[in-house]
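Q: Using our numbering, read the sequence shown as starting at 1131 and increasing by one per residue. Just so it is clear, CB atoms sit at the ideal spot from N, CA and C, and this is done for glycine as well. Being a predicted model, the structure only gives us computed values, none of them experimental. First the structure, then my questions, so here it is.
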Amino acid sequence: MKFPTPLIEGKLIKRYKRFLSDIALPNGDVVVAHCPNTGSMKRCQQDGARVWLSKSDNPKRKLAYTWELVEVDAQYLACINTGYPNKLVGEAISNGVVKELADYPEQKAEVKYGEKSRIDWLLTGNDGRKCYVEVKSVTLLEEDGLGYFPDAVTDRGRKHLYELAKMVEEGHRAVMFFCVSHTGIDSVTPATHIDKRYAQAFVEVVGKGVEVIAYQVAIDSQEMKVVCAVPVVMPELID
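Here it is as structure tokens:
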């Protein structure tokens, strides 16, 4: 996936009100950019970090700039735009990159299912069997290449786990797909220390047949693409 326009480098001043960020441009100007991320962005909003923005020429937009990438710990790149992982995973499935999800000729996005939810990708095989794929972006790196999800308590994410388990009960295949949108992460695990209930639900639904896979995304200022599988580490639950 190539960025539609060349990205503009800047320096993060601050993120505020969830969806706004002040960015200093190389010419000294300070712009307000849209932050397309509803999460905590833990460790992905360090003061003074290098960031990359896209600029829209649409006159109807309130903010011309959108924050897309951030440099973490002065060495890794992370994509903070949560609108991209679904597209990246969809492209990877279509191109045969995700070996675990090969041989599904029909692929639909944002299909209604469960209790007022939408599945990110619904795949259908030649035999008619369906595979429900829920995509989650992983950007929280804390130590030794291990990435954590979620980066904040998520009741919605826990609900999605149980809805995937329900699809397995109905005879379908269900997959939790961790899209690793951070170049420093080489394995993924549920963040028990952040949301223990999510981690408990994760272990529960895996026991019921929900599959879990994780793939790394290669990131630079021109393009991003899903490249390879990384290990998923089961959490250690302590009462």
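1) Alpha carbon to alpha carbon, what distance is there between D1257 and S1267?
2) If you check the beta carbons only, do Y1292 and V1362 fall under 8 Å apart?
3) Locate the alpha helix (DSSP H) running through M1221, then write down its first and last residues.
4) Per the DSSP calculation, Y1278 is bridged to which residue(s)?
5) Would you give the residue range spanned by the beta strand (DSSP E) that V1360 belongs to?
6) For M1297, does the count of other Cβ atoms within 10 angstroms reach 16, so buried, or fall short, so exposed?
7) Which partner residues does F1133 have in the DSSP bridge list?
8) Roughly how many whole angstroms lie between the Cα atoms of P1215 and D1177?
9) Taking only the alpha-carbon atoms, compute the straight-line gap between P1320 and G1287 and give it to the nearest angstrom.
10) Hey, out of F1307, E1366, M1364, whose CA is closest to C1358's CA?
11) Looking only at C-alpha atoms, which of Q1237, H1290, G1339 sits nearest to G1220?
12) Under 7 Å Cβ to Cβ from V1241, same chain only, skipping five residues before and after it: list those, please.
13) So for L1294, helix, strand or coil by DSSP?
14) Within its chain, find whatever has a CB closer than 6 Å to the CB of G1175; leave out the 5 residues flanking it on each side and keep chain order.
15) Would you call T1168 buried or exposed, if buried means 16 or more other Cβ atoms sit within 10 Å of its Cβ?
16) L1183 and L1137 look like a contact to me (Cβ under 8 Å); what is the Cβ gap, rounded to whole Å?
17) Could you check whether the Cβ of R1191 sits closer than 7 Å to any heavy atom belonging to the ligand ATP?
18) State yes or no: is the C-beta of H1164 within less than 8 Å of the C-beta of T1196?
19) Along the alpha helix (DSSP H) that carries R1327, what are the first and last residues, could you check?
20) Please identify the residue among M1364, E1366, K1355, P1365 whose C-alpha is closest to the C-alpha of V1227.
21) Considering Cα atoms alone, identify which of T1269, E1299, K1246, V1318 is closest to G1339.
A: Based on what the coordinates show:
1) 30 Å
2) no
3) A small fix is needed here, since residue 1221 is Glu in this sequence, not Met. From DSSP, the alpha helix (DSSP H) with E1221 extends over 1215-1224.
4) Partner(s): L1270, T1319.
5) Unbroken beta strand (DSSP E) run through V1360: 1354-1360.
6) buried
7) Beta-bridge pairing links F1133 to no other residue.
8) 25 Å
9) 11 Å
10) F1307
11) Nearest of Q1237, H1290, G1339 to G1220, Cα basis: Q1237.
12) R1248, I1249, L1252
13) helix
14) Sequence check: residue 1175 is Gln here, not Gly. Cβ neighbours of Q1175 beyond the five flanking positions: R1145.
15) exposed
16) 6 Å
17) Ligands in the displayed structure: none, and consequently the ligand ATP is not present.
18) yes
19) Run containing R1327: 1326-1337, per the alpha helix (DSSP H) assignment.
20) K1355
21) Closest by alpha carbon: E1299.
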